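*Asks:*
Residue numbers (our numbering): 346 to 539.
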């Protein structure tokens, strides 16, 4: 094995929409309805898929709760606050680099969120490559996005391990012959302790 493929959200960078949404101090019922309209909604994946503009994406969210348009616009305006650095990421990536692994990312991510959070993802500049879903108009766990990564970088599936926090994404990687690990934050700490 010579290749490590990482999901980004909740693996290398925190995706914490709950804490972000709480900063608005909405009443509990408004919090729940905004969460359902924006973050706990299939429309979130439409942004990750990269086939709609940021404005169209915002309007999908508003359509889910038109009476909360003001709140939804407010949340959308600063939603880069959902992405937070994780303490272990730099050290964990260095751990793999010291062992001469090739590093790639494969992540569901919207164009809008990427442009707003590039500064929080600087660690990706040291990667050998990767794919964000918005770039290729498909998302995990669809087989196509995995094949695009493997083909683009000539990665042999059996030489790669894939870390993702969602079991269905890991299972899709395994079906294509990769080693897959359902990520939890104890993993890098345990690996680096050895």
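All C-beta atoms in this analysis are idealised placements derived from N, C-alpha and C, irrespective of residue type, glycine included.
Given the structure is predicted, the values throughout are model-derived calculations rather than measurements.
1. What do you reckon, are the CB atoms on residue 431 and residue 357 nearer than 8 Å?
2. Go through its chain and collect everything with a Cβ distance to residue 468's Cβ below 7 Å, but skip five positions before and after it.
3. Compute the distance between the beta-carbons of residue 416 and residue 461, then report whether it is under 8 Å.
4. Would you mind giving the Cβ-Cβ distance between residue 452 and residue 353, rounded to the nearest angstrom? I have them listed as a contact below 8 Å.
5. Going by C-alpha distance, which of 346, 490, 454 is nearest residue 393?
6. Go to residue 451, then tell me how far its beta strand (DSSP E) extends in each direction, as first and last residue.
7. Within 10 angstroms of the Cβ of residue 395, are there 16 or more other Cβ atoms? Answer buried if so, exposed if not.
8. What does the alpha-carbon distance come out to for the pair residue 388 and residue 458?
9. Counting Cβ pairs closer than 8 Å, one from the segment 377-391 and one from the segment 504-524, do we hit at least three?
10. Hey, is residue 370's beta-carbon within less than 8 Å of any beta-carbon in chain B?
11. Excluding the 5 residues preceding and the 5 following residue 360 in the sequence, name in chain order all residues of the same chain whose CB lies nearer than 7 Å to its CB.
12. Using C-beta distances below 8 Å, list every residue in its chain close to residue 419, excluding the 5 sequence neighbours before and after it, in chain order.
13. Would the beta-carbon of residue 446 fall within 8 Å of that of residue 498?
14. Give the straight-line distance between the Cα atoms of residue 518 and residue 491, rounded to the nearest whole angstrom.
15. Taking C-alpha atoms, which residue in 515, 375, 440, 442 lies nearest to residue 410?
16. In the DSSP assignment, find the unbroken alpha helix (DSSP H) run with residue 498 in it and report its ends.
17. In whole angstroms, what separates the C-alpha of residue 347 from that of residue 413?
*Replies:* Taking the coordinates as given:
1. Working through the chain shown from its first residue, we reach residue 431 at position 86. Working through the chain shown from its first residue, we reach residue 357 at position 12. Result yes, Cβ atoms of residue 431 and residue 357 sit closer than 8 Å.
2. As a first step, residue 468 must be located in the chain shown, where it is residue number 123. Here the set comprises 357, 434, 435, 438.
3. Counting from 1 along the chain shown, the entry for residue 416 is found at position 71. Counting from 1 along the chain shown, the entry for residue 461 is found at position 116. No, they are not a contact pair.
4. For this step, residue 452 is matched to residue 107 along the chain shown. For this step, residue 353 is matched to residue 8 along the chain shown. About 4 Å; that satisfies the 8 Å criterion.
5. Counting from one through the chain shown, the residue named residue 393 turns up at place 48. Closest by alpha carbon: 454.
6. Taking the first residue of the chain shown as position 1, residue 451 is located at position 106. For residue 451, the enclosing beta strand (DSSP E) has its first and last residue at 447-452.
7. Your numbering for residue 395 matches position 50 in the chain shown. Buried, since its Cβ has 16 or more Cβ neighbours within 10 Å.
8. Mapped onto the chain shown, residue 388 falls at position 43. Mapped onto the chain shown, residue 458 falls at position 113. Taken atom to atom, the span from the alpha-carbon of residue 388 to that of residue 458 is near 14 Å.
9. no
10. The structure shown has no chain B; it contains just one protein chain.
11. Counting from one through the chain shown, the residue named residue 360 turns up at place 15. 354, 427, 428.
12. As a first step, residue 419 is located in the chain shown; it is residue number 74 there, counting from the start. Answer for residue 419: 369, listed in chain order.
13. On the chain shown, residue 446 is found 101 positions in, with the first residue counted as 1. On the chain shown, residue 498 is found 153 positions in, with the first residue counted as 1. Against a cut-off of 8 Å, the Cβ pair of residue 498 and residue 446 comes out as no contact.
14. As a first step, residue 518 must be located in the chain shown, where it is residue number 173. As a first step, residue 491 must be located in the chain shown, where it is residue number 146. Roughly 7 Å between the two C-alpha positions.
15. Locating residue 410 in the chain shown gives position 65, where the first residue counts as 1. Nearest C-alpha to residue 410: 375.
16. For the purposes of this step, residue 498 is taken as residue 153 along the chain shown, with counting starting at 1. Neither: residue 498 is in no alpha helix (DSSP H) and is coded neither H nor E.
17. Translated into the one-based positions of the chain shown, residue 347 becomes position 2. Translated into the one-based positions of the chain shown, residue 413 becomes position 68. Cα-Cα distance, rounded: 49 Å.
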